[in-house]
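Notes for the one structure printed next.
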Amino acid sequence: MGKLGILAGAGELPHIGMKEALAAGEDPIFFSIIESDFHVGMYGDRNIPIHIVKIGTLMKLCKRHNVDRLLLLGKVKKEIIFKNLKFDLKAIALLARMINKHDYSIFKTVADEFAKEKIAIISQKTFLQSLFLPEGRFTKKPLNQKELEDITFGMDYAEKMAGLDIGQTVVVLDKSVLAVEAVEGTDLAICRGGSFAKKGKATVCKSSKPGQDHRFDLPTVGENTLKTMYENNCGTLALRTGETIIVHPKEFINLAEKFKINILSIGSGNLKKINSTIQKIR
Numbered sequence: 001m002g003k004l005g006i007l008a009g010a011g012e013l014p015h016i017g018m019k020e021a022l023a024a025g026e027d028p029i030f031f032s033i034i035e036s037d038f039h040v041g042m043y044g045d046r047n048i049p050i051h052i053v054k055i056g057t058l059m060k061l062c063k064r065h066n067v068d069r070l071l072l073l074g075k076v077k078k079e080i081i082f083k084n085l086k087f088d089l090k091a092i093a094l095l096a097r098m099i100n101k102h103d104y105s106i107f108k109t110v111a112d113e114f115a116k117e118k119i120a121i122i123s124q125k126t127f128l129q130s131l132f133l134p135e136g137r138f139t140k141k142p143l144n145q146k147e148l149e150d151i152t153f154g155m156d157y158a159e160k161m162a163g164l165d166i167g168q169t170v171v172v173l174d175k176s177v178l179a180v181e182a183v184e185g186t187d188l189a190i191c192r193g194g195s196f197a198k199k200g201k202a203t204v205c206k207s208s209k210p211g212q213d214h215r216f217d218l219p220t221v222g223e224n225t226l227k228t229m230y231e232n233n234c235g236t237l238a239l240r241t242g243e244t245i246i247v248h249p250k251e252f253i254n255l256a257e258k259f260k261i262n263i264l265s266i267g268s269g270n271l272k273k274i275n276s277t278i279q280k281i282r
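In terms of the UniProt record's numbering, the sequence shown has 93 at position 93, counting the first letter as 1, and numbering is strictly consecutive.
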């Protein structure tokens with residue numbers, strides 16, 4: 001077996017993935033995306049910077065360093081794709097074959113090309129299993145009937161929007177959609193939706209798409225999500241069980257309690273039953 005490569009964007013997930021991979025006996029290296037805000041930290045000796053649009057260069061680097069698996073972690077702002085970047089010939093050839101510039105179309109085309117070179121892009125869950133919540137309510141206060149109805153309404157819309165590759169987040173109140181995430185990202189969508197919540201606290205619903213490919217763009221939330229909700233009149237966060245990455249789950253739940261934000265992880269169970277009992281982080 002060859003090495004694991006981590007194509008690293010901004011945020012903490014690449015570092016968590018690196019730590020878990022090392023603990024599992026891997027010998028991983030970072031390919032850090034120059035156009036992101038990635039900070040290499042203590043892993044400078046394991047880092048190779050690369051431009052996001054140099055697909056051919058990345059393939060050559062994988063071959064040179066015996067990388068046969070690639071893990072994609074971290075944030076890259078979507079608007080990068082609309083900037084006047086200098087694509088290499090491989091990237092230009094791939095773009096020409098794409099049906100559109102939707103996230104999944106891009107990722108799938110690139111993954112298929114890497115597979116031809118015997119380099120597998122692997123599930124984001126592989127080294128992040130500790131970052132997923134089981135089904136349940138994780139904050140003390142049970143939700144009322146109106147809040148549960150907003151969750152049912154909002155999660156349906158969030159899944160539909162994710163399925164259309166528009167965004168993974170919707171903000172709702174009184175069974176009305178206040179905001180849908182697009183290219184601006186989750187936090188700005190929360191700000192926009194919260195600004196319309198004048199008669200109560202809004203609910204933020206985040207969902208993967210039906211048949212989500214776990215190699216790419218799993219929904220992710222962290223403490224900054226909660227801070228943005230707190231500052232913008234949002235009182236509940238609903239997530240899909242096993243489909244949403246929680247950066248530092250214990251700290252996340254503690255901060256949600258501090259801000260009095262409800263957290264529900266929704267699987268296949270009955271929503272009222274899920275709401276009836278508090279779950280604990282193990």
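Note that the Cβ used here is the ideal one computed from N, Cα and C, for glycine as well. Bear in mind the structure is a predicted one, so any value in this text is a computation, not a measurement.
Roughly how many angstroms separate the alpha carbons of residue i and residue j, rounded to a whole number?
{"i": "G193", "j": "S207", "result": "17 angstroms"}
{"i": "L239", "j": "G154", "result": "11 angstroms"}
{"i": "G41", "j": "H214", "result": "27 angstroms"}
{"i": "T126", "j": "N144", "result": "36 angstroms"}
{"i": "L71", "j": "E26", "result": "13 angstroms"}
{"i": "H15", "j": "I253", "result": "21 angstroms"}
{"i": "T277", "j": "I52", "result": "45 angstroms"}
{"i": "K198", "j": "N270", "result": "30 angstroms"}
{"i": "L148", "j": "I6", "result": "39 angstroms"}
{"i": "K272", "j": "E113", "result": "45 angstroms"}
{"i": "Y104", "j": "A179", "result": "22 angstroms"}
{"i": "C191", "j": "K258", "result": "20 angstroms"}
{"i": "E251", "j": "T225", "result": "13 angstroms"}
{"i": "E184", "j": "A24", "result": "36 angstroms"}
{"i": "V172", "j": "K63", "result": "47 angstroms"}
{"i": "Q124", "j": "S195", "result": "33 angstroms"}
{"i": "M161", "j": "F38", "result": "28 angstroms"}
{"i": "K227", "j": "I106", "result": "31 angstroms"}
{"i": "E159", "j": "F216", "result": "16 angstroms"}
What would DSSP say about residue i, mapped onto helix, strand or coil?
{"i": "residue 288", "result": "Residue 288 lies beyond the range of the chain shown here (1 to 282); nothing can be said about it."}
{"i": "G136", "result": "strand"}
{"i": "L218", "result": "coil"}
{"i": "S36", "result": "coil"}
{"i": "G5", "result": "strand"}
{"i": "A182", "result": "coil"}
{"i": "D68", "result": "strand"}
{"i": "N232", "result": "coil"}
{"i": "L255", "result": "helix"}
{"i": "S130", "result": "helix"}
{"i": "V172", "result": "strand"}
{"i": "K272", "result": "helix"}
Taking the Cβ atom as the reference point for each residue, do residue i and residue j lie within a distance shorter than 7 angstroms?
{"i": "G167", "j": "A182", "result": "yes"}
{"i": "I121", "j": "A111", "result": "yes"}
{"i": "I274", "j": "G56", "result": "no"}
{"i": "S36", "j": "G17", "result": "no"}
{"i": "T139", "j": "A21", "result": "no"}
{"i": "M229", "j": "I281", "result": "no"}
{"i": "I29", "j": "D68", "result": "no"}
{"i": "T186", "j": "T203", "result": "no"}
{"i": "L73", "j": "L13", "result": "yes"}
{"i": "L133", "j": "I245", "result": "no"}
{"i": "G222", "j": "T241", "result": "no"}
Which one of the options has the shortest CA to CA distance from residue i?
{"i": "N47", "options": "L4, L237 and A24", "result": "L4"}
{"i": "G200", "options": "N232, P219 and C62", "result": "N232"}
{"i": "K209", "options": "N66, L133 and D165", "result": "D165"}
{"i": "L61", "options": "S32, F38 and H39", "result": "S32"}
{"i": "M1", "options": "I52, N66 and K54", "result": "N66"}
{"i": "Y157", "options": "K250, V177 and F196", "result": "V177"}
{"i": "K108", "options": "A179, Q212 and H248", "result": "Q212"}
{"i": "L218", "options": "R64, K75 and K19", "result": "K75"}
{"i": "H248", "options": "F259, L237, T220 and K258", "result": "T220"}
{"i": "K77", "options": "G11, K250 and P142", "result": "G11"}
{"i": "Q279", "options": "F196, H39 and P142", "result": "P142"}
{"i": "C205", "options": "L237, H39 and K19", "result": "L237"}
Let me confirm a value: residue i is counted as buried when at least 16 other C-beta atoms fall within 10 Å, else exposed. Which label applies?
{"i": "M59", "result": "buried"}
{"i": "S265", "result": "buried"}
{"i": "P49", "result": "exposed"}
{"i": "Q129", "result": "exposed"}
{"i": "G44", "result": "exposed"}
{"i": "E243", "result": "buried"}
{"i": "G235", "result": "buried"}
{"i": "E117", "result": "exposed"}
{"i": "I151", "result": "buried"}
{"i": "A115", "result": "exposed"}
{"i": "K175", "result": "exposed"}
{"i": "I34", "result": "exposed"}
{"i": "A189", "result": "buried"}
{"i": "K146", "result": "exposed"}
{"i": "K54", "result": "buried"}
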